[in-house]
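**Student:** Below is the structure I would like to discuss, written out as structure tokens.
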Amino acid sequence: MPEGGRWLIGFAVAEEPPANDFDDDEDPLVGRLLGDGYVLEERLGGGGFGAVYRARHESGDVAAAKVLRVDRAALSADARTRFRREAQALITLRHPRIVAIHTHGTSADGLEYLVMDLLEGEDLSEHLHRRRRMPVREALALFDGMAEAVQFAHEQGIAHRDLKPANVFLRRTDGKEMDPVVLDFGLAKMIEGSEESLTATGMVMGTPHYMAPEQATGEKIDYRADVYALGCILYEMLVGQPPFDGNTPTAILMQVLTSPPPKIPTDLGVPEGVEDALRRSLHKDPAQRFQDVASFRAALKSSAKSVPMTRLMHTPETPPATREVQAVSSDLTQPTLEYRRPRWVVPVIGGLLALLIAVGGFGAYVGLRQQEETVAATLPTPVNIAPSPRREDAAPALPPDAAAETGETETSELGAPPTEMPEAPPEATPTMRSQPTQMREQRLTVAPRGDESSARGGSGGAAETPPAGASEAMVTRMASLRAAIEDAERAATALNATRNGLDRLERGQNPGFCSRNDLRRSDSTAILQVIQELRGVRNQACEPFAQRELPAAILQKLREFPSTLDDARTRAQRTLPTNEPQDQADAVIAAVGALERATAGTANGRPFPCDDPGFRSLRLVSVGPNSWAASAASSVLRRRDAICRGMPGLSAREGRELADTLSRRLDLYEGNLNGARSSAQSELRGLESALR
Numbered sequence: 018m019p020e021g022g023r024w025l026i027g028f029a030v031a032e033e034p035p036a037n038d039f040d041d042d043e044d045p046l047v048g049r050l051l052g053d054g055y056v057l058e059e060r061l062g063g064g065g066f067g068a069v070y071r072a073r074h075e076s077g078d079v080a081a082a083k084v085l086r087v088d089r090a091a092l093s094a095d096a097r098t099r100f101r102r103e104a105q106a107l108i109t110l111r112h113p114r115i116v117a118i119h120t121h122g123t124s125a126d127g128l129e130y131l132v133m134d135l136l137e138g139e140d141l142s143e144h145l146h147r148r149r150r151m152p153v154r155e156a157l158a159l160f161d162g163m164a165e166a167v168q169f170a171h172e173q174g175i176a177h178r179d180l181k182p183a184n185v186f187l188r189r190t191d192g193k194e195m196d197p198v199v200l201d202f203g204l205a206k207m208i209e210g211s212e213e214s215l216t217a218t219g220m221v222m223g224t225p226h227y228m229a230p231e232q233a234t235g236e237k238i239d240y241r242a243d244v245y246a247l248g249c250i251l252y253e254m255l256v257g258q259p260p261f262d263g264n265t266p267t268a269i270l271m272q273v274l275t276s277p278p279p280k281i282p283t284d285l286g287v288p289e290g291v292e293d294a295l296r297r298s299l300h301k302d303p304a305q306r307f308q309d310v311a312s313f314r315a316a317l318k319s320s321a322k323s324v325p326m327t328r329l330m331h332t333p334e335t336p337p338a339t340r341e342v343q344a345v346s347s348d349l350t351q352p353t354l355e356y357r358r359p360r361w362v363v364p365v366i367g368g369l370l371a372l373l374i375a376v377g378g379f380g381a382y383v384g385l386r387q388q389e390e391t392v393a394a395t396l397p398t399p400v401n402i403a404p405s406p407r408r409e410d411a412a413p414a415l416p417p418d419a420a421a422e423t424g425e426t427e428t429s430e431l432g433a434p435p436t437e438m439p440e441a442p443p444e445a446t447p448t449m450r451s452q453p454t455q456m457r458e459q460r461l462t463v464a465p466r467g468d469e470s471s472a473r474g475g476s477g478g479a480a481e482t483p484p485a486g487a488s489e490a491m492v493t494r495m496a497s498l499r500a501a502i503e504d505a506e507r508a509a510t511a512l513n514a515t516r517n518g519l520d521r522l523e524r525g526q527n528p529g530f531c532s533r534n535d536l537r538r539s540d541s542t543a544i545l546q547v548i549q550e551l552r553g554v555r556n557q558a559c560e561p562f563a564q565r566e567l568p569a570a571i572l573q574k575l576r577e578f579p580s581t582l583d584d585a586r587t588r589a590q591r592t593l594p595t596n597e598p599q600d601q602a603d604a605v606i607a608a609v610g611a612l613e614r615a616t617a618g619t620a621n622g623r624p625f626p627c628d629d630p631g632f633r634s635l636r637l638v639s640v641g642p643n644s645w646a647a648s649a650a651s652s653v654l655r656r657r658d659a660i661c662r663g664m665p666g667l668s669a670r671e672g673r674e675l676a677d678t679l680s681r682r683l684d685l686y687e688g689n690l691n692g693a694r695s696s697a698q699s700e701l702r703g704l705e706s707a708l709r
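According to my numbering, the residues represented by the sequence shown are 18 to 709, in order.
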């Protein structure tokens, strides 16, 4: 891994552990000669159907080679044909802000491969995760660079169809930063098999936060879907979070289809013309959007004239994900803390919001899985939680007078992203904000539970200025701890509401929290675990009353159903190369596909297909000899039964027994939550004391 950054590996970033097939200490493909004079030197990352390698040409040039595993049954000959055809088309996309593909072909021993640039830097998603949001002018300039690349692709007849921050790489060359390079012009979808699925079952691929409504409903899409996705990206750059968000892919897509984009907070200083252009780009009706990227760019450039010319001075950022953060002081211990962030890539079938995640970087599986990145950071003082600054809470804009204090004046024209930024002074001063302050608005200290004297930072509260002696790592960690404490407080409130509901359940009554949506995600591993356990308690308490709450209860079950289908399909896919009889796994995959199509009608208000033949097929598989397939089939059937069988409610005796069982679990979770909160508070006090 290069010092000062992270490598872009073709269209994927090699932070995720390789798939099982590539876990051997000695990769059999290392040293293999591809066509066109490239030799595979080192495996950089992997997925279910291939891996990415550092490759060296006989001339000495280094590149990234993506190798496709053609020996897998799920990779059809048709998929390989599409892979080659799409690769050939992308070779024609020669643009400085589109990743360059050098060659593709098939090696003498049958390996399909692509060779492309090996770049250094980070993707926009990671950049925003660290910075939270960007100053208006800087965001518009960077955005115009990526939009220029998309416009060029459209002019060549190619639509991207999966634009998102993770597919915009910020290249670092010759000491310059913030040079955007757009990735994955359809190739990732070819590799993952979504294009094949598109013609076979009406499935399309996309990412929920950035998917246009017409794409989510399986309609025909064109370049205007990319305009919509670009609008989502710009909104996130300016505000700090996507325009539509939720705890599940279904919740996000429901907003995409039905909710207007939220207004941009006025204190962020976004000109009215920019917001108007954004809202037009996010219109539900493609005919009401900008009809091409050029029009969108022109509207933004015109509106950007009202943006103040001053901006924040560049200060050192939190190092990229693969580098260590320096410890606060030598006498503090330095454990490695892992932060995992899910990435959703969602296939949508016809009109159904069936949310299935493609497995791995190359997977042809059509399933739901949260791919996780592991980010290692060296942090002071061990603790059993792992909070990290989040993008959900966008930091307020820096007041004009504070921005003026930086003394930075931008004179470059909009349309070219900034490439050079002044160095920061050795120590942050009260008149400047360090990068972690941009990542998350600094909060006042959160006192232990019960102490109401400590105020919380908020939209109207003053931000803490990092002390002069605070390092990047210390300030970032303190912000993370404050966020974790707030998450713990919210989780404690939800836990108390759950306990009150169990009091009603004890009398055989509806617990009353079944429709509540107060269980939010947390970047703290310990707190997130408690939240997930609380959700399980609530689901179990609400199950007996589901039938009495139609149609809302069925809708809630359907939101969970795609993950069950995905789990079944994933487990069935695993059995293909290893277990017999394979027809059992094939039966699960076929039944899941039938159920996905059958449940599509529920999006239009039709009843859940309880009697669909796919369920009968799964019952046979559930008692078959293939253990993987049987387990997969059983998990789907349990969800079906929970939706379809009559729910008589609970007697008082049954309510008492269930409430008693769940209350004991709550006692355990409350102890875990209090421990996580106390640990965070103790560590935070220690860091604050070290600064005094």
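Just so you know, even glycine gets a beta-carbon here, dropped at the ideal spot from N, CA and C.
Mapping the DSSP letters down to three states, classify residue 83 as helix, strand or coil.
**Tutor:** strand
**Student:** Could you name the residues of the same chain whose beta carbon sits closer than 7 Å to that of residue 110, not counting the 5 residues immediately before and after it, in chain order?
**Tutor:** Result list for residue 110: 170, 173, 175 and 202, in chain order.
**Student:** How is residue 118 classed by DSSP in three states: helix, strand or coil?
**Tutor:** Strand at residue 118.
**Student:** Would you list the residues sitting across from residue 133 in a DSSP beta bridge?
**Tutor:** 81 and 118
**Student:** Could you round the C-beta distance between residue 639 and residue 654 to whole angstroms and report it? I think they count as a contact, below 8 Å.
**Tutor:** 6 Å
**Student:** Nearest CA to the CA of residue 528: which residue from 497, 536, 117 and 560?
**Tutor:** 560
**Student:** Under three-state DSSP, which class holds residue 495?
**Tutor:** In this structure, residue 495 counts as helix in the three-state DSSP scheme.
**Student:** For residue 287, collect the residues of the same chain with a Cβ closer than 7 Å to its Cβ; drop the 5 residues on either side in sequence, then sort them by chain order.
**Tutor:** 153, 255 and 281
**Student:** Mapping the DSSP letters down to three states, classify residue 140 as helix, strand or coil.
**Tutor:** strand
**Student:** How many Å lie between residue 146 and residue 248 at the Cα?
**Tutor:** 18 Å
**Student:** What is the DSSP secondary structure of residue 266, reduced to helix, strand or coil?
**Tutor:** Residue 266 falls in the helix class under three-state DSSP.
**Student:** Tell me, which residues are paired with residue 74 by DSSP?
**Tutor:** 55
**Student:** Locate the alpha helix (DSSP H) running through residue 255, then write down its first and last residues.
**Tutor:** Counting along the chain, residue 255 sits inside the alpha helix (DSSP H) bounded by residues 240–256.
**Student:** Rounded to the nearest angstrom, how far is the Cβ of residue 140 from that of residue 186, given a contact under 8 Å?
**Tutor:** 5 Å
**Student:** With three or more beta-carbon pairs closer than 8 Å as the criterion, would you say the region 502–519 touches the region 682–692?
**Tutor:** yes
**Student:** Is residue 293 closer than 9 Å to residue 316 when the C-beta atoms are compared?
**Tutor:** yes
**Student:** Can you say whether residue 129 is buried or exposed, counting buried as having 16 or more other CB atoms within 10 angstroms of its CB?
**Tutor:** buried
**Student:** Starting from residue 295, trace the alpha helix (DSSP H) both ways and give me its first and last residue.
**Tutor:** 289–298
**Student:** Among the candidates 83, 234, 555 and 78, whose CA atom is the shortest distance from the CA of residue 270?
**Tutor:** Relative to the Cα of residue 270, the nearest Cα in the group 83, 234, 555 and 78 belongs to 234.
**Student:** Could you check if residue 534 is buried or exposed, using at least 16 other CB atoms within 10 Å of its CB as the buried criterion?
**Tutor:** exposed
**Student:** Applying the 10 Å Cβ sphere with the 16-neighbour rule, what's the burial state of residue 590?
**Tutor:** buried
**Student:** Does the count of Cβ pairs from the region 67–78 and the region 50–59 closer than 8 Å reach three?
**Tutor:** yes
**Student:** For residue 225, tell me which candidate among 252, 494, 262 and 553 has the shortest Cα-Cα distance.
**Tutor:** It is 262 whose Cα lies nearest to the Cα of residue 225.
**Student:** Could you tell me the alpha carbon to alpha carbon distance between residue 507 and residue 540, rounded to whole angstroms?
**Tutor:** 13 Å
**Student:** Are there 16 or more other CB atoms within 10 angstroms of the CB of residue 272, so buried, or fewer, so exposed?
**Tutor:** buried
**Student:** Assuming residue 306 contacts residue 241 under a Cβ cut-off of 8 Å, what Cβ separation, rounded to an integer in Å, is found between them?
**Tutor:** Confirmed, about 5 Å.
**Student:** Could you tell me the distance, in whole angstroms, from the CA atom of residue 163 to the CA atom of residue 680?
**Tutor:** Approximately 53 Å, taken between the alpha carbons.
**Student:** Identify which residue in 180, 195 and 310 has its Cα closest to the Cα of residue 250.
**Tutor:** 180
**Student:** Can you say whether residue 510 is buried or exposed, counting buried as having 16 or more other CB atoms within 10 angstroms of its CB?
**Tutor:** Burial call: exposed.
**Student:** In chain order, what residues of the same chain have a beta carbon less than 7 Å from the beta carbon of residue 498, not counting five sequence neighbours either side?
**Tutor:** 404, 697, 700 and 701
**Student:** Measure from the alpha carbon of residue 538 to the alpha carbon of each residue in 671, 264 and 496, then state which is nearest.
**Tutor:** 264
**Student:** Does residue 50 pass the burial test, meaning 16 or more other C-beta atoms within 10 Å, or should it be called exposed?
**Tutor:** Its Cβ having fewer than 16 others within 10 Å, residue 50 is exposed.
**Student:** Just how far apart, CA to CA, sit residue 532 and residue 556?
**Tutor:** 10 Å
**Student:** Check residue 303 in the structure and name its three-state DSSP category.
**Tutor:** DSSP places residue 303 within a helical segment (H, G or I) once states are collapsed to three.
**Student:** Bridge partners of residue 186, per DSSP?
**Tutor:** 140 and 198
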